[in-house]
Amino acid sequence: MAVEKPFDITTTTLESAINWARSNSMWPMPFGVACCAIEMMAALMSKYDASRFGSEVLKFSPRQSDLLIVSGRISLKMMPVLMRIWEQMPEPKWCISMGACASSGGVFDTYALIQGIDQFLPVDAYIPGCPPRPEAFIEALMVVQEKAREGKASTQAYTEKAQQV
Amino acid sequence: MGNALIVFDPTTGPPIAQRVQAQFEGRLLRGYQEGLQQGFDVTAEVAPSLLAFLRNDLGCTCLVDLTAVDYAKYPEAQPARFGVIYILLCPETGARVKVRAFVADSAPRLATAVPLFAGADWAEREVFDFFGIVFEGHPNLKRILLPDGYRDHPLRKGYPLRGKGERADFEVYRAFTG
Ligand code: SF4
Numbered sequence: 258m259a260v261e262k263p264f265d266i267t268t269t270t271l272e273s274a275i276n277w278a279r280s281n282s283m284w285p286m287p288f289g290v291a292c293c294a295i296e297m298m299a300a301l302m303s304k305y306d307a308s309r310f311g312s313e314v315l316k317f318s319p320r321q322s323d324l325l326i327v328s329g330r331i332s333l334k335m336m337p338v339l340m341r342i343w344e345q346m347p348e349p350k351w352c353i354s355m356g357a358c359a360s361s362g363g364v365f366d367t368y369a370l371i372q373g374i375d376q377f378l379p380v381d382a383y384i385p386g387c388p389p390r391p392e393a394f395i396e397a398l399m400v401v402q403e404k405a406r407e408g409k410a411s412t413q414a415y416t417e418k419a420q421q422v
Numbered sequence: 002m003g004n005a006l007i008v009f010d011p012t013t014g015p016p017i018a019q020r021v022q023a024q025f026e027g028r029l030l031r032g033y034q035e036g037l038q039q040g041f042d043v044t045a046e047v048a049p050s051l052l053a054f055l056r057n058d059l060g061c062t063c064l065v066d067l068t069a070v071d072y073a074k075y076p077e078a079q080p081a082r083f084g085v086i087y088i089l090l091c092p093e094t095g096a097r098v099k100v101r102a103f104v105a106d107s108a109p110r111l112a113t114a115v116p117l118f119a120g121a122d123w124a125e126r127e128v129f130d131f132f133g134i135v136f137e138g139h140p141n142l143k144r145i146l147l148p149d150g151y152r153d154h155p156l157r158k159g160y161p162l163r164g165k166g167e168r169a170d171f172e173v174y175r176a177f178t179g
C-alpha cells in the first residue's frame with residue numbers, strides 16, 4: 258500500500274520559500290524624473306493597482322526597498338546620484354528601466370543625457386514606449402517577480418564589475 | 002481683457018520710455034515697443050546704469066527673468082553676438098520693460114545685476130553655465146545646471162548637439178565602462 262502524503266504538508270527548500278516570499282513583496286523605490294513617472298504613478302495607484310503584486314509599499318528611501326524603477330531621463334549630473342541610490346539599496350535588488358529615455362536616451366541624443374542607464378546599472382527589465390502604458394509596467398513587474406522566484410538578479414555581474422574598477 | 006493693468010497713450014508714448022529716453026539720450030542703441038512691453042537695447046557698459054535707473058527711479062523693482070541669446074547666424078545683423086535680456090516689471094503700474102544688453106564675442110563680460118535684483122543670482126549663473134558670459138562682481142559665479150567639470154558652454158551656436166565627447170569623458174563613464 259502506497260504511503261500517502263499528508264495533504265497539508267509541502268516540502269521545499271528554504272531558499273525557494275524565501276524567494277517566493279520576496280517575489281510577492283517587492284518594495285519599489287520609484288525614481289521618477291520625467292514624464293514616464295506619470296504612467297508609473299498610474300500603475301502604482303488604485304486603477305492599475307500594483308499592490309495586487311505585493312508592491313504597495315512605496316519607499317522613497319533606498320535602504321528599505323528592493324526594486325528600483327527608473328522612469329525618465331537621466332542627465333550626466335543625475336547619474337552619480339542614481340548610482341548612489343542603487344548602492345544604498347540592500348541586496349538582493351532589482352531594477353526596471355522604464356521608457357525609451359531611461360533605456361536608451363530616447364529622442365534626447367544630446368550632450369546632457371545618459372544614453373541608457375544600463376551602462377551603469379544592472380537592469381532586469383526594460384519597458385519600451387514613450388511613455389509605456391501601465392500594462393507594460395505591470396508586465397515588467399511580473400518579469401522581475403519571475404526572476405526573484407528563480408533567485409536571479411543581474412546585480413551579481415554588476416558587483417563583480419564594480420569590484421574590478 | 003479685464004486684467005490689463007496699464008494702457009499706454011500712443012500719442013505721447015509710455016512714461017517709462019519718455020523718461021529713459023530723456024535720461025539716456027544718445028546712449029541707447031534702440032528703443033521700441035512690443036505690445037505692452039517696452040524694450041531698450043544698450044551696450045554692456047550702459048546696462049548697469051539703465052537697470053539701476055529703472056529700478057530706483059521708475060519703480061521696476063521686480064526682475065521677472067534674465068536670459069541670453071546667441072545671435073551668431075541670426076538673419077538680421079545685431080550690434081554684438083550675445084544679447085543678455087532682462088525682463089523687468091513695475092508692480093505698481095504693471096508696466097513691463099525689456100532691457101537687452103549686447104555683449105561682444107571675445108571674452109564676454111557684463112556687470113552683475115545681483116546688487117540690484119537678488120533674484121538675478123541663479124539666473125546669471127545659468128547664463129554663465131550655458132553661454133559662458135562672465136558676470137563681473139557676481140558673489141558665486143559657478144555652474145548651476147551642468148556638472149562642475151563641464152568644460153564648454155553648450156547653448157552657444159555651433160556647439161554640437163551630441164556634445165564634444167562629454168558623454169564618454171564623464172568620470173562615471175570612466176569608472177564603469179572603462
Ligand atoms: S520615454 Fe517618453 S514619456 Fe518617458 S521620460 Fe522619455 S520622453 Fe518622457
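Protein sequence lines correspond, in order, to chains W and L. The numbering used here applies: residue 258 is where the first sequence begins, and numbers increase by one. The numbering used here applies: residue 2 is where the second sequence begins, and numbers increase by one. In this text, a Cβ means the ideal position worked out from N, Cα and C, and glycines have one as well.
Simplified DSSP assignment, three categories, for Leu378(W): Start at 1 with the first residue of the first sequence, and residue 378(W) comes out as number 121. Three-state result, Leu378(W): coil.
Distance cut 6 Å, beta-carbon to the ligand SF4 heavy atom: residue list by chain order: Ala291(W), Cys292(W), Cys293(W), Gly329(W), Arg330(W), Gly356(W), Ala357(W), Cys358(W), Gly363(W), Cys387(W) and Pro388(W)
Within 7 Å of chain L by C-beta, residues of the segment 316–336 of chain W in sequence order: Leu333, Lys334 and Met336
7 Å Cβ cut-off: residues of chain W touching Pro155(L): Position 154 of the second sequence, counted from the first residue, corresponds to residue 155(L). In chain order: Tyr368.
Beta-ladder partner(s) of Ile326(W), from DSSP: Position 69 of the first sequence, counted from the start, is the residue given in the question as residue 326(W). Per DSSP, Pro287(W) and Ile353(W).
Thr12(L) (DSSP reduced to helix, strand or coil): The sequence position of residue 12(L) within the second sequence is 11, counting from 1. Residue placement at Thr12(L) is flagged as unreliable, the pLDDT there being 44, under the threshold of 50; the coordinate-derived value follows with that caveat. In this structure, Thr12(L) counts as coil in the three-state DSSP scheme.
Rounded straight-line distance, which links the Cα of Val70(L) to that of Asn4(L): Residue numbering aside, residue 4(L) sits at position 3 when the second sequence is read from its first letter. Residue numbering aside, residue 70(L) sits at position 69 when the second sequence is read from its first letter. Confidence is the limiting factor: at Asn4(L) the pLDDT is only 41, short of 50, which leaves the residue's position unreliable, though a coordinate-based value still follows. Those two C-alpha atoms are separated by around 30 Å.
Buried or exposed by the 16-neighbour rule on C-beta atoms within 10 Å, applied to Arg163(L): Within the second sequence, the letter at position 162 stands for residue 163(L). Exposed, since its Cβ has fewer than 16 Cβ neighbours within 10 Å.
Reduced DSSP secondary structure (H/G/I, E/B, other) of Arg31(L): Counting from 1 along the second sequence, the entry for residue 31(L) is found at position 30. Arg31(L) falls in the strand class under three-state DSSP.
Beta-bridge partners of Val401(W), as assigned by DSSP: Working through the first sequence from its first residue, we reach residue 401(W) at position 144. In the DSSP output, where bridge partners are listed per residue, Val401(W) has none listed.
Below-8 Å beta-carbon distance, Gln372(W) vs any chain L residue: Locating residue 372(W) in the first sequence gives position 115, where the first residue counts as 1. True, the Cβ-Cβ gap to chain L drops below 8 Å.
Contacts of Glu167(L) in chain W (Cβ-Cβ under 9 Å): Here residue 167(L) refers to the residue found at position 166 of the second sequence. Neighbours of Glu167(L) on chain W, chain order: Leu333, Tyr368 and Ala369.
Between the CA atoms of Phe25(L) and Leu6(L) - distance to the nearest angstrom: Numbered from its first residue, the second sequence carries residue 6(L) at position 5. Numbered from its first residue, the second sequence carries residue 25(L) at position 24. Confidence at Leu6(L) is low in this model, with a pLDDT of 40, below 50, so the placement of that residue is unreliable and no value is reported for it.
CB of Ile371(W) within 8 Å of CB of Ser332(W), strictly: Walking along the first sequence from the start, residue 371(W) turns up at place 114. Walking along the first sequence from the start, residue 332(W) turns up at place 75. Cβ atoms of Ile371(W) and Ser332(W): closer than 8 Å.
CA-to-CA distance, Arg309(W) to Leu64(L), given in whole angstroms: The count along the second sequence starts at 1 and reaches residue 64(L) at position 63. The count along the first sequence starts at 1 and reaches residue 309(W) at position 52. Distance between the alpha carbons of Leu64(L) and Arg309(W): 51 Å.
Closest Cα partner of Ile353(W) within the set Pro385(W), Thr268(W) and Pro337(W): Translated into the one-based positions of the first sequence, residue 353(W) becomes position 96. The residue with the shortest Cα to Cα distance from Ile353(W) is Pro385(W).
Test item: CB-CB of Met355(W) and Pro379(W) under 8 Å: Locating residue 355(W) in the first sequence gives position 98, counting from the first residue. Locating residue 379(W) in the first sequence gives position 122, counting from the first residue. For Met355(W) and Pro379(W), no; Cβs fall outside 8 Å.
Inter-stretch contact (C-beta, 8 Å, three-pair minimum) for the segment 118–128 of chain L and the segment 94–110 of chain L: no
Contact with chain W by Gly164(L), beta-carbon distance below 8 Å: Position 163 of the second sequence holds residue 164(L). With 8 Å as the cut-off, Gly164(L) counts as an interface residue toward chain W.
Ser303(W), buried or exposed, once every other Cβ within 10 Å from all chains shown has been counted against 16: The residue you call residue 303(W) lines up with position 46 of the first sequence. Looking at its Cβ environment, which holds fewer than 16 other Cβ atoms inside 10 Å, Ser303(W) is exposed.
Where Glu403(W) falls, given that 16 or more other Cβ within 10 Å makes a residue buried: The residue labelled residue 403(W) in the question sits at position 146 within the first sequence. Per the 10 Å Cβ criterion, exposed.
Nearest-angstrom Cα separation, counted from Gly373(W) out to Phe317(W): Sequence index remark: in the first sequence, residue 317(W) carries index 60 (1-based). Sequence index remark: in the first sequence, residue 373(W) carries index 116 (1-based). Their backbone Cα atoms lie some 23 Å apart in a straight line.
Of the residues Ala48(L), His139(L) and Tyr160(L), the one placed nearest Phe103(L), counting alpha carbons only: Translated into positions along the second sequence, residue 103(L) becomes position 102. Of the listed residues, the one whose Cα sits closest to Phe103(L) is Ala48(L).
Neighbour list for Leu147(L) in chain W, Cβ cutoff strictly below 8 Å: As a position in the second sequence, residue 147(L) is number 146, starting the count at 1. Correct list: Leu333, Lys334 and Ala369.
Neighbourhood of Asp323(W) by C-beta, 6 Å cutoff - its chain only, sequence neighbours within 5 removed: Here residue 323(W) is taken as the residue at index 66 of the first sequence, counted from 1. Once the five neighbours on either side are set aside, the close Cβ partners of Asp323(W) are Trp284 and Lys350.
Among Leu111(L), Gln19(L) and Leu67(L), the one whose alpha carbon lies nearest that of Ser50(L): For the purposes of this step, residue 50(L) is taken as the residue at position 49 of the second sequence. It is Leu111(L) whose Cα lies nearest to the Cα of Ser50(L).
8 Å Cβ shell around Glu407(W) - same chain, five flanking residues per side excluded: Walking along the first sequence from the start, residue 407(W) turns up at place 150. If we look at Glu407(W) and ignore the five residues flanking it on each side, its Cβ neighbours are Asn276.
Limits of the unbroken alpha helix (DSSP H) element including Val338(W): Within the first sequence, numbered from 1, the residue matching residue 338(W) stands at position 81. From DSSP, the alpha helix (DSSP H) with Val338(W) extends over Met336 to Gln345.
Range of the contiguous alpha helix (DSSP H) that encloses Asp122(L): Within the second sequence, the letter at position 121 stands for residue 122(L). Ala121 to Phe132 is the span of the alpha helix (DSSP H), which, as asked, contains Asp122(L).
Assigned exposure category for Phe118(L) - 16 Cβ within 10 Å defines buried: As a working mapping, residue 118(L) is identified with position 117 in the second sequence. That one is buried.
Nearest-angstrom Cβ-Cβ length linking Arg56(L) and Tyr72(L), presumed shorter than 8 Å: Within the second sequence, numbered from 1, the residue matching residue 56(L) stands at position 55. Within the second sequence, numbered from 1, the residue matching residue 72(L) stands at position 71. No, Arg56(L) and Tyr72(L) are not in contact; Cβ-Cβ is about 26 Å, not under 8 Å.
Any non-hydrogen atom of the ligand NAD closer than 7 Å to Arg157(L) Cβ: Judged by which ligands are present, the ligand NAD is missing from the structure shown, whose ligands are the ligand SF4.
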